[in-house]
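Everything on this sheet refers to the single structure shown next.
2 protein chains.
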Amino acid sequence: MEVKNTSILKNDPTKKKVEYKNFPMVPRVVFGNGSFDQLGTILMAKRKNSEAPFIFLVDDVFEGKELPYRIPTMFNDRIVFISADEEPKTNQVDVLVQKIRDDFSEIPSGIVGIGGGTIMDLAKAVSIMMNNEGSSYEYQGWDLVKKPSIYHVGIPTISGTGAEVSRTTVLLGPERKLGINSDYTTFDQVVLDPDLTKGVSKEQWFYTGMDCFIHCVESLNGTYLNAFSQSYGEKAYELCKEVFLDGLGETESRDKLMMASWHGGMSIAYSQVGVAHAMSYGLSYLLGVKHGIGNCLVFQYLEEFYPEGVALFKIMQEKHQIELPKGICANLSEDEFETMISVAMGMEPLWENALGKEWRKTITPAKLKSIYEKI
Amino acid sequence: MEVKNTSILKNDPTKKKVEYKNFPMVPRVVFGNGSFDQLGTILMAKRKNSEAPFIFLVDDVFEGKELPYRIPTMFNDRIVFISADEEPKTNQVDVLVQKIRDDFSEIPSGIVGIGGGTIMDLAKAVSIMMNNEGSSYEYQGWDLVKKPSIYHVGIPTISGTGAEVSRTTVLLGPERKLGINSDYTTFDQVVLDPDLTKGVSKEQWFYTGMDCFIHCVESLNGTYLNAFSQSYGEKAYELCKEVFLDGLGETESRDKLMMASWHGGMSIAYSQVGVAHAMSYGLSYLLGVKHGIGNCLVFQYLEEFYPEGVALFKIMQEKHQIELPKGICANLSEDEFETMISVAMGMEPLWENALGKEWRKTITPAKLKSIYEKI
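What follows is the structure, encoded as C-alpha cells:
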C-alpha cells in the first residue's frame, strides 16, 4: 500500500461540462406483505420526546376500517383523515400546517402519509412547511425550499403514482398546478406493503396503474432518456404489462404493481414525463379532474406521439372493461380552452422531453385544442 | 377535511409477525458520462473545515493516468493509491485508519473510494472505523457497528460487484472472509460515471460483470426471493444478457453494465446470494482468489443448482473467448480442502437461500469437495 501526497492539476476550465442531477433517493425502504406492522418500531427511533407527536395523514376511505387501529399511535400522536376525492391544494397544506402549529407546543416528530398520491403529496408538503415560512404556493417550482423538512414517511395504499419515490409534491395552487421540487421533498422512509392495496376499486386500480404505465411510455420515449432512467422505466413497463395483461394471481399482481410504481417513479425522477402529463395538468387545473383519470383521458388520443403505448393502453382498457367518461370538454368556453392550453403549454420541460428543443414547431394552441375537444 | 383524535386498539400481540429488512438505500446518486467532474461541487458542501481533509482511496491502476488529475483535492486532502490485486483485508483497513489518525489532527470530512469492489469495500470500512474503536475484524458480522461512519462516497470504475449499493463491506479477516453488514456501511453518495470503466481489461470486465450475473441467478433462484428483489434481479439479468450477448456499442454497453451492477446489488441486498458465492468465499479465504474470478471458477460447475444460468454463462464465456484457469485445487492437501469447505459451509444464510432450511440434506463436505476438485 502506497500513501502519497499528490499535487494536482485541476479540471480544464475550458472543457464543456454537462450537469447531471444529484438525485436524492429514499434512504430507507421496507417491502413486504404485513410490513406495515413494523411502523411502530421504525417511528420509535425517531420520536423526539413525548410532546412532539407523529401526525398521521390517512386517506378517509380507511375511516371505520381496520387500518387505523393498526397505526402505532403513542402519547399525543394524531390521526387526521383526509379525503382524496380532490387533488391536493396549497391552501389545504397551509390549513393543515396551521392546525398542527396551533394544537401542539412542539414541532412534530414527523409526518406519516398513508394513502394514494394525494395523501403522499400532502404528507411531503406538510413536512416541508413545518420548517419553512409563508404559504406552500411560494415554494411551487424548483429548489425554492430553504430549510430541511421534518422527518416524513410515505406508505402508499394505491400503486402507480410513484409519489413514494419522487422529489416533488404536486399541488394545485392559486396560480398553477405545479410541484414543490426539492431535495427536502423526498420521503425519509417508505413502507411498501402491497396488502394495503387490497380494497382499491377496479377503476381506481386501473387509473392509478395507468399513471405508472404512462410515466414509463413518456420517459422511455423522451429525449431526456439515459441508461439510468431507461433501466427503471423498462422494468416498470414490463411489470405493468404483466399486471394488466398476463392475468397474475391477486397477491403477485399487487406485489408487482407496487414495484412498478416504485421503478416508474425512479424512471421519471431521472428523466421527465411528457405529452400526457402536460395536457393532463391542464385538465386538472381547470376542471379538477384527478390525475390518474386525467392522464387516461388524454393518453387515449396520443397515438401520434406514443403509438405503441396507446395501442397497449387500449388493449388493457378493454381487457379490464374500463369505460372512460366522455364529453368532459364538450361545453367549455373559448376562455376555458385557453386557460387549459396555457397551463399545458407552460410545462416546458415536459414538452422538451417529449419532442426536443423544437417542440413549439409541433405543439400549437390549435393542436392542443383539437385534442382536448375529443375528451 | 376532518381532524380527529382517535383512541387506538393496538396490534393484536398474538398475531404472528414477519420481520422485513428496513433497507438503507444510497441517499444520493448521480448518473452520467462525465458526471465524475461534479465531485468537487458535491464534496464542497460536505467539507467540515480546512483541517478536515477528504481522503481519496484510488485503485493504483490509475496512478500516472489522467484520472488522479481530475480529483478535486483542496487544502490538505490526500490521494492514496491502493493495489486491488488482492482482496481487501481487515488489517489493511486498520493500517489505513491508523495512518489517517496519525497524519491529521481532525477526523476527515469524508472518504472517497474510486475503483472496483476492493476499493469500494475499503472506503466503506475505513469510513466506519474512523468513528469506531478497535480493529475492523471485530465488526465482521451483522449489525455490530455502534457509531455512524463518517461521510463516504463510492465511485465505481469497474461494473458488477454491486458494492456501490450494498450495506456490507466484505473483508478477509484473521478468522474469516465476512462482511461488516450494517446500516452505516452504505455509501452516503454514489457517482455513476460509465466513462470511468473505459480502460478495464477484457478479462476483468468479464469476471466482474459475471459477478453481477451470478448475483442475479442466485437471487432469482433463491428461497428468499420477493417481488422487490425479483424486479431488480430480473432487470439486472436482462441487462447482463444485453451486454454480454447482444453486441451493443461500447458506450451503451458500459452504461448498461453499470446499471446492471446497481440493480443486481439492490436485488441481493433485499434477498441473498447462493451456492457460487458460498463456495467462492472458501476459495478466496484459502487461496486469495479474487472474488470475480472465484465466482466464475465455481459457477461453471453448478449446473445442478442453476442449469439455465450456467448454460448462459458458458455461451457468454465462449463468445468473449475467456479462458478460465485450471487446476487451482489440484495440489491441495486434505487439511486445505477441509478449511475451504468449512468456510463455505459456514455461510449458512447463503445455503438456506439457495436450498431452503433443509440445505444440509443436499450439501455435505463430500459434495463440496467433489466440486472443488474440478476447479
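Chains A and B supply the protein sequences, listed in that same order.
Taking my numbering, the leading residue of the first sequence gets 1, the next gets one more, and so forth.
Taking my numbering, the leading residue of the second sequence gets 1001, the next gets one more, and so forth.
Yeah, the Cβ is synthetic: ideal placement off N, Cα and C, and Gly gets one too.
Inset, instruction - Taking all protein chains shown into account, decide if A/R360 is buried (16 or more other Cβ within 10 angstroms of its Cβ) or exposed. - result: Numbered from 1 along the first sequence, position 360 holds the residue referred to as residue 360 of chain A. Answer is exposed; the Cβ neighbour count stays below 16.
Inset, instruction - Give me the Cα-Cα distance between B/S1284 and B/A1344, rounded to the nearest whole angstrom. - result: Stepping through the second sequence from its first residue, residue 1284 of chain B is reached at position 284. Stepping through the second sequence from its first residue, residue 1344 of chain B is reached at position 344. Going by the C-alpha atoms only, they are around 10 Å apart.
Inset, instruction - Consult DSSP for A/R176 and reduce its assignment to one of helix, strand or coil. - result: Locating residue 176 of chain A in the first sequence gives position 176, where the first residue counts as 1. It is coil, neither helix nor strand.
Inset, instruction - State yes or no: is the beta carbon of A/S253 nearer than 7 Å to at least one beta carbon in chain B? - result: For the purposes of this step, residue 253 of chain A is taken as the residue at position 253 of the first sequence. Not one chain B Cβ lies under 7 Å of A/S253.
Inset, instruction - State yes or no: is the C-beta of B/D1103 nearer than 6 Å to some heavy atom of the ligand MG? - result: For the ligand MG, the structure offers nothing, since it holds no ligand at all.
Legend entry - Within chain B, partners of A/H263 - CB distance below 9 Å: To locate residue 263 of chain A, count along the first sequence from 1; it is residue 263. Ordered by position in chain B, the residues that pass the 9 Å Cβ test against A/H263 are S1231, Y1232, K1235.
Legend entry - Closest by C-alpha distance to B/I1155, when choosing among B/T1118, B/Q1140, B/E1138, B/V1170: Taking the second sequence and counting its residues from 1, one reaches residue 1155 of chain B at position 155. Comparing Cα positions, the closest option is B/T1118.
Inset, instruction - Provide the residue span of the beta strand (DSSP E) that contains B/R1028, from first to last. - result: To locate residue 1028 of chain B, count along the second sequence from 1; it is residue 28. Segment 1028-1031, the beta strand (DSSP E) holding B/R1028.
Inset, instruction - Could you tell me if B/P1325 is buried or exposed, where buried requires 16 or more neighbouring beta carbons within 10 angstroms of its beta carbon? - result: The residue labelled residue 1325 of chain B in the question sits at position 325 within the second sequence. Looking at its Cβ environment, which holds fewer than 16 other Cβ atoms inside 10 Å, B/P1325 is exposed.
Inset, instruction - Could you check the C-alpha separation between B/E1323 and A/K357 for me, to the nearest Å? - result: Counting from 1 along the second sequence, the entry for residue 1323 of chain B is found at position 323. Counting from 1 along the first sequence, the entry for residue 357 of chain A is found at position 357. Looking at the two C-alpha atoms, the distance is approximately 49 Å.
Inset, instruction - Could you name the residues of chain B that A/Y20 contacts, counting a contact when the two beta carbons are closer than 7 Å? - result: Residue mapping note: residue 20 of chain A aligns to position 20 of the first sequence, counting from 1. Going along chain B in sequence order, the residues near A/Y20 (Cβ under 7 Å) are V1030, F1031, G1032, S1035, Q1038.
Inset, instruction - Establish whether the CB of B/K1256 and some CB of chain A are separated by less than 7 Å. - result: Translated into the one-based positions of the second sequence, residue 1256 of chain B becomes position 256. True, the Cβ-Cβ gap to chain A drops below 7 Å.
Inset, instruction - State buried or exposed for A/S231, treating a residue as buried only when at least 16 other CB atoms are found within 10 Å of its CB. - result: Working through the first sequence from its first residue, we reach residue 231 of chain A at position 231. Per the 10 Å Cβ criterion, buried.
Inset, instruction - Report yes or no: is there a C-beta of chain B within less than 7 Å of the C-beta of A/F206? - result: Reading the first sequence from its first residue, position 206 is the one you call residue 206 of chain A. Cβ-Cβ to chain B under 7 Å: no for A/F206.
Legend entry - Cβ-Cβ separation, A/N221 to A/Y281 (assumed contact under 8 Å), whole Å: In the first sequence, the residue the question calls residue 281 of chain A occupies position 281. In the first sequence, the residue the question calls residue 221 of chain A occupies position 221. Rounded, the Cβ-Cβ distance is 18 Å, inconsistent with contact.
Legend entry - Own chain partners of B/V1059 with C-beta closer than 7 Å, once the 5 adjacent residues on each side are dropped: Here residue 1059 of chain B refers to the residue found at position 59 when the second sequence is read from its first residue. What sits at residue 1059 of chain B in the sequence shown is Asp, not Val. I1082, A1084, I1114, G1115, G1116, I1119, T1157, listed in sequence order.
Legend entry - C-beta neighbour in chain B for A/V3, strict 7 Å: Walking along the first sequence from the start, residue 3 of chain A turns up at place 3. Confidence at A/V3 is low in this model, with a pLDDT of 42, below 50, so the placement of that residue should be treated as unreliable; the coordinate-derived value is given next. Judged by the 7 Å Cβ criterion, A/V3 is in contact with chain B.
Inset, instruction - Consider the Cβ of B/E1299: report whether some Cβ of chain A lies at a distance smaller than 7 Å. - result: Counting from 1 along the second sequence, the entry for residue 1299 of chain B is found at position 299. Here residue 1299 of chain B is Phe; the residue named in the question, Glu, does not match the sequence. No, its Cβ sits nowhere closer than 7 Å to a Cβ of chain A.
Inset, instruction - Using three-state DSSP, classify A/W359 as helix, strand or coil. - result: One-based indexing of the first sequence puts residue 359 of chain A at position 359. Helix at A/W359.
Legend entry - is_contact[A/L196, chain B] using C-beta, thresh 7 Å: By 1-based counting over the first sequence, the position of residue 196 of chain A is 196. At a cut-off of 7 Å, the C-beta of A/L196 has no neighbouring C-beta in chain B.
Inset, instruction - Take A/F62 and list the residues in its own chain whose beta-carbon comes closer than 7 Å to its own, dropping the five residues that flank it on each side. - result: The count along the first sequence starts at 1 and reaches residue 62 of chain A at position 62. Once the five neighbours on either side are set aside, the close Cβ partners of A/F62 are P68.
Inset, instruction - Let me know the beta strand (DSSP E) ranges lying completely inside the stretch 218-306 of chain A, each 3 residues or longer, listed in chain order. - result: none
Legend entry - First through last residue of the alpha helix (DSSP H) which encompasses A/V80: Taking the first residue of the first sequence as position 1, residue 80 of chain A is located at position 80. It is not in any alpha helix (DSSP H) - A/V80 instead sits in the beta strand (DSSP E) that spans 78-82.
Legend entry - Cβ-based contacts, 8 Å cut-off: residues of the stretch 1042-1062 of chain B near chain A: I1042, D1060
Legend entry - chain A within 7 Å of B/F1023, Cβ atoms only: Mapped onto the second sequence, residue 1023 of chain B falls at position 23. Yes, B/F1023 counts as interfacial toward chain A.
Legend entry - Any C-beta of chain A under 7 Å from that of B/A1125: Walking along the second sequence from the start, residue 1125 of chain B turns up at place 125. No, because no Cβ of chain A sits closer than 7 Å to the Cβ of B/A1125.
Inset, instruction - Could you name the residues of chain A that B/M1259 contacts, counting a contact when the two beta carbons are closer than 9 Å? - result: Taking the second sequence and counting its residues from 1, the one referred to as residue 1259 of chain B is at position 259. Within chain A, the residues near B/M1259 are A227, F228, Q230, S231, Y232.
Legend entry - Exposure of A/R28, with buried meaning 16 or more beta-carbon neighbours within 10 Å: The residue given as residue 28 of chain A occupies position 28 in the first sequence. Its Cβ being crowded by 16 or more others within 10 Å, A/R28 is buried.
Legend entry - Whole-Å CB distance - B/K1369 paired with B/I1341, under 8 Å assumed: Within the second sequence, residue 1369 of chain B is the residue found at index 369, counting from 1. Within the second sequence, residue 1341 of chain B is the residue found at index 341, counting from 1. B/K1369 to B/I1341, Cβ: 6 Å. Contact.
Legend entry - Selection from A/K21, A/R101, A/D94, A/A163 that minimises the alpha carbon distance to A/R78: Position 78 of the first sequence, counted from the first residue, corresponds to residue 78 of chain A. It is A/R101 whose Cα lies nearest to the Cα of A/R78.
Inset, instruction - Say whether the stretch 171-179 of chain A touches the stretch 197-210 of chain A, bearing in mind that this needs 3 or more beta-carbon pairs closer than 8 Å, one atom from each stretch. - result: no
Legend entry - Own chain residues within Cβ distance below 7 Å of A/D211, not counting five before or after: Stepping through the first sequence from its first residue, residue 211 of chain A is reached at position 211. Excluding its 5 nearest sequence neighbours in each direction, A/D211 has C-beta neighbours in its own chain below 7 Å: G160, T161, H291, G292, N295, listed in chain order.
Inset, instruction - Below 8 Å on the Cβ atoms is my guess for B/K1124 versus B/H1152; work out the distance and round it to an integer in Å. - result: Taking the first residue of the second sequence as position 1, residue 1124 of chain B is located at position 124. Taking the first residue of the second sequence as position 1, residue 1152 of chain B is located at position 152. The Cβ separation is near 6 Å, so the contact holds.
Legend entry - Contact with chain B by A/P27, beta-carbon distance below 7 Å: As a position in the first sequence, residue 27 of chain A is number 27, starting the count at 1. Output row for A/P27: interface = yes.
Legend entry - Alpha-carbon to alpha-carbon, A/I214 and A/L355: If you number the first sequence from 1, residue 355 of chain A lands on position 355. If you number the first sequence from 1, residue 214 of chain A lands on position 214. The straight-line gap from Cα to Cα measures roughly 16 Å.
Inset, instruction - Would you kindly report the start and end of the unbroken beta strand (DSSP E) that includes A/G115? - result: Within the first sequence, residue 115 of chain A is the residue found at index 115, counting from 1. From DSSP, the beta strand (DSSP E) with A/G115 extends over 110-115.
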